[in-house]
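Below is one structure; the comments refer to it alone.
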Amino acid sequence: MKNLKNITTRLEIAKKKIKKKDIKDQGSNAASMGNALKISTELVASVVVGSTIGFILDGWFDTKPLLTIIFFFMGVAAGILNVFRSAKKINEKFK
Amino acid sequence: MATNPMHQFEVYKIGPEITLGEINLSFTNASLFMAITAILILSFLFIGTKKKTLIPSKMQLVAEMSYTFVAKMINDTAGSSAKSFFPFIFTLFMFVLFANMVGMLPYSFTVTSHIIVTFVLAAIVFVGVTIIGFVKHGFKYLELFVPKGVPVVLLPLIVIIEIISYLSRPVSLSVRLFANMMAGHTMLKVFGGFVVSLGLLGGWLPLGFSVALTGLEILVAFLQAYVFAILTCIYLNDALNLHH
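Residue numbers (the working numbering), protein chains in the order written: chain A, 98 to 192; chain B, 162 to 405.
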């Protein structure tokens with residue numbers, strides 16, 4: 098039981114140290130990097146998916162290249178929407 | 162050693178060729194490393210939780226930390242209603258993390274640097290989340306594609322954009338992991354090749370880069386597993402709670 102008491106005090110000291118450190122580096126580098134990687138691919142993926150859908154629909158309706166062009170821009174819009182939403186979520190976290 | 166930086170991504174079969182009708186089911190180096198990953202995770206958790214003490218040993222501490230890390234992540238991003246999906250997300254996180262880390266060892270094979278592996282993982286998440294959404298909300302789940310407060314004239318356009326945005330989820334999820342792992346490993350190999358070709362005189366600079374890049378790659382390996390898991394939680398949250 099002595100050992101347990103010992104570890105409680107040691108834990109408390111360690112926790113105090115962590116608290117001090119936490120205030121210093123809020124929003125660590127790793128988390129920001131994760132967000133950056135996340136957002137950049139989101140923008141690209143929507144454009145690719147949009148263009149692919151347009152290309153497939155073009156094949157069905159025989160309207161090359163009209164639908165590919167239209168859906169490319171829709172994909173761009175969807176990508177920007179995605180990035181906008183992700184950025185909003187990050188902002189909420191820091192409030 | 163092959164000097165081609167893409168040689169490390171080659172898939173070849175180990176042992177006899179197994180075919181089932183038209184499908185080739187041979188055991189490859191990719192399957193071998195997936196099996197190694199699974200065995201490593203199982204033995205890590207088994208050894209870590211074998212001797213349960215109040216004051217944990219180092220192994221038990223790491224095992225418990227990985228549990229708390231994922232549990233906290235689910236609670237923070239998807240809420241308490243997603244608690245029942247903990248086993249799935251924990252498995253996903255550990256598999257991606259260990260596959261990435263095993264790939265960092267020399268002479269090993271990185272399973273997650275192949276888009277088919279990451280795409281299957283992302284497709285499981287995507288199809289699963291969609292099914293959960295429909296089971297929980299019925300056809301009301303389609304309201305996800307109709308944001309509130311949009312004029313009726315713009316609605317057809319917005320719905321199509323929302324559908325594209327929804328369909329892009331598995332693509333961005335899989336391409337992110339695959340591209341990061343492949344780019345990183347190719348870069349490591351290219352700098353390694355520079356060390357050999359520049360020799361004793363000029364090889365020190367790329368060697369330094371290689372060491373620094375290895376550190377960065379380990380960070381990326383962890384980060385990608387984390388991002389994969391946290392995005393799964395976010396998609397799950399959308400399906401369970403239905404509000405942006």
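All residues carry an ideal CB built from backbone N, CA and C; glycine is no exception.
Is there a Cβ from chain A that is less than 9 Å from the Cβ of residue 228(B)?
Not one chain A Cβ lies under 9 Å of residue 228(B).
How about residue 250(B) and residue 373(B): do their beta carbons lie closer than 9 Å?
No, they are not a contact pair.
Just tell me which of 354(B), 173(B), 367(B), 342(B) has its CA closest to the CA of residue 378(B).
Closest by alpha carbon: 342(B).
Measure the beta-carbon distance from residue 239(B) to residue 401(B) and round it to whole angstroms, keeping in mind my assumption that it falls under 8 Å.
Sure, about 7 Å apart at Cβ, within 8 Å.
Let's test the definition: count the other Cβ atoms within 10 Å of the Cβ of residue 253(B) and tell me whether it reaches 16, buried, or not, exposed.
Counting Cβ neighbours within 10 Å, residue 253(B) comes out buried, since at least 16 surround it.
Is residue 185(B) helix, strand or coil when you go by DSSP?
Residue state, collapsed to three classes: strand.
Are any of the Cβ atoms in chain B nearer than 9 Å to that of residue 112(A)?
Taking Cβ atoms only, chain B never reaches closer than 9 Å to residue 112(A), which makes this a no.
To which residues does DSSP link residue 180(B) through a beta bridge?
Its beta-bridge partners are 185(B).
Closer than 8 Å at the beta carbon, the chain A residues around residue 106(B):
The question about residue 106(B) has no answer here: the residues shown for chain B are numbered 162 through 405.
Buried versus exposed call for residue 226(B) [16 or more other C-beta atoms within 10 Å across all chains shown]
The residue in question, residue 226(B), is exposed, as its Cβ has fewer than 16 Cβ neighbours within 10 Å.
Output yes or no for whether 9 Å exceeds the beta carbon distance between residue 305(B) and residue 399(B).
Taking 9 Å as the Cβ cut-off, residue 305(B) and residue 399(B) qualify as a contacting pair.
Quick one: does residue 160(A) have its CB under 9 Å from some CB of chain B?
Interface annotation, residue 160(A): not in contact with chain B, CB-CB separation never under 9 Å.
Mapping DSSP to helix, strand and coil, what is residue 212(B)?
Note: residue 212(B) maps to coil in three-state DSSP.
So, under 8 Å CB-CB, residue 270(B) and residue 264(B) are touching, yes? Tell me the CB distance rounded to an integer number of Å.
Residue 270(B) to residue 264(B), Cβ: 7 Å. Contact.
Consult DSSP for residue 309(B) and reduce its assignment to one of helix, strand or coil.
Residue state, collapsed to three classes: coil.
How would you list, in chain order, the residues of chain B whose beta-carbon sits under 9 Å from the beta-carbon of residue 180(A)?
Proximity of chain B to residue 180(A) at the Cβ level (cut-off 9 Å) is not reached, the minimal Cβ distance being about 10 Å.
Against chain A, with Cβ distances strictly below 9 Å, would residue 380(B) count as a contact?
Closer than 9 Å: yes.
Have a look at 141(A), 115(A), 130(A) and flag the residue whose alpha-carbon is nearest the alpha-carbon of residue 178(A).
Of the candidates 141(A), 115(A), 130(A), the one whose C-alpha sits nearest the C-alpha of residue 178(A) is 141(A).
DSSP three-state assignment for residue 113(A), whether helix, strand or coil:
Residue 113(A) sits in a helix when the DSSP states are folded into three classes.
Among residues of its own chain, excluding the 5 on either side of residue 169(B), which ones have a beta-carbon nearer than 7 Å to its beta-carbon?
So the list reads 346, 350, once near-sequence residues are dropped.
Using a Cβ-Cβ cut-off of 9 Å, state whether residue 139(A) counts as contacting chain B.
With 9 Å as the cut-off, residue 139(A) counts as an interface residue toward chain B.
Against residue 387(B), what residues of chain A qualify as contacts under a CB-to-CB distance less than 7 Å, listed in chain order?
Those within 7 Å of residue 387(B) in chain A are 131.
Going along the chain, which residues of the stretch 341-368 of chain B sit with their C-beta nearer than 9 Å to a C-beta in chain A?
Residues of the stretch 341-368 of chain B with a C-beta atom less than 9 Å from some C-beta of chain A are 341, listed in chain order.
When you compare the CB of residue 336(B) with every CB in chain A, is at least one pair closer than 9 Å?
Residue 336(B) counts as touching chain A.
Could you work out which residue in 348(B), 183(B), 307(B), 331(B) is closest to residue 167(B) when comparing CA atoms only?
Out of 348(B), 183(B), 307(B), 331(B), the CA that lies nearest to the CA of residue 167(B) is found in 348(B).
DSSP state of residue 174(B) mapped onto helix, strand, coil:
In this structure, residue 174(B) counts as strand in the three-state DSSP scheme.
Look up residue 265(B) in the DSSP assignment and say whether it is helix, strand or coil.
Secondary structure at residue 265(B): coil, using DSSP grouped into helix, strand and coil.
Alpha carbons only, please: which of 235(B), 310(B), 296(B), 340(B) is nearest the one belonging to residue 280(B)?
Per the Cα distances, 340(B).
Can you tell me the Cα-Cα spacing of residue 289(B) and residue 332(B), whole angstroms?
Straight-line spacing of the CA atoms in residue 289(B) and residue 332(B) works out to 15 Å.
Counting C-beta neighbours from all protein chains within 10 Å, is the total for residue 100(A) 16 or more, i.e. buried, or is it exposed?
When all chains shown are included, residue 100(A) counts as exposed.
How is the alpha helix (DSSP H) around residue 385(B) delimited, first residue to last?
For residue 385(B), the enclosing alpha helix (DSSP H) covers residues 365-402.
Starting from residue 191(A) and walking both ways along the alpha helix (DSSP H), at which residues does that stretch end?
From DSSP, the alpha helix (DSSP H) with residue 191(A) extends over 163-191.
Do you know whose CA, among 176(A), 150(A), 108(A), 182(A), lies nearest residue 167(A)'s CA?
For residue 167(A), the nearest C-alpha among the options comes from 150(A).
Segment limits, alpha helix (DSSP H) that includes residue 221(B)
Taken as a continuous stretch (DSSP letters only), the alpha helix (DSSP H) holding residue 221(B) covers 219-239.
Could you name the residues of the stretch 143-168 of chain A whose beta carbon sits closer than 8 Å to any beta carbon of chain B, in the order they occur along the chain?
Under the 8 Å Cβ criterion, the stretch 143-168 of chain A contributes 143, 145, 146, 147, 150, 168.
Cβ separation of residue 194(B) and residue 314(B), assumed to be a contact under 8 Å, to the nearest whole Å
Not confirmed; about 54 Å, so no contact.
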